[in-house]
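Student: Numbering (my numbering), first residue to last: 38 to 92. We put the beta carbon where it would ideally sit given N, CA and C, even for glycine. A quick note: this is a predicted structure, and the numbers were derived from the prediction, not measured.
This is the structure we're talking about:
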């Protein structure tokens with residue numbers, strides 16, 4: 038019985054390892070704009086982005 042649990046755990050681990058992508062990309066980035074928050078909002082809006090502010 039213990040052997041079957043080990044086999045099941047090994048199978049689950051192999052399935053999870055195969056499901057992880059090689060590269061992970063986010064569509065978020067940070068920039069510094071000396072013009073202030075209003076300027077940042079304007080730039081973001083003109084280029085189709087949303088400024089979420091500092092986090």
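1) Do you know how far the Cα of residue 91 is from the Cα of residue 81?
2) For residue 59, does the three-state DSSP call read helix, strand or coil?
3) Measuring straight from C-alpha to C-alpha, what distance separates residue 42 and residue 53?
4) Does DSSP put residue 77 in a helix, in a strand, or in coil?
Tutor: According to the data block:
1) 14 Å
2) coil
3) 16 Å
4) helix
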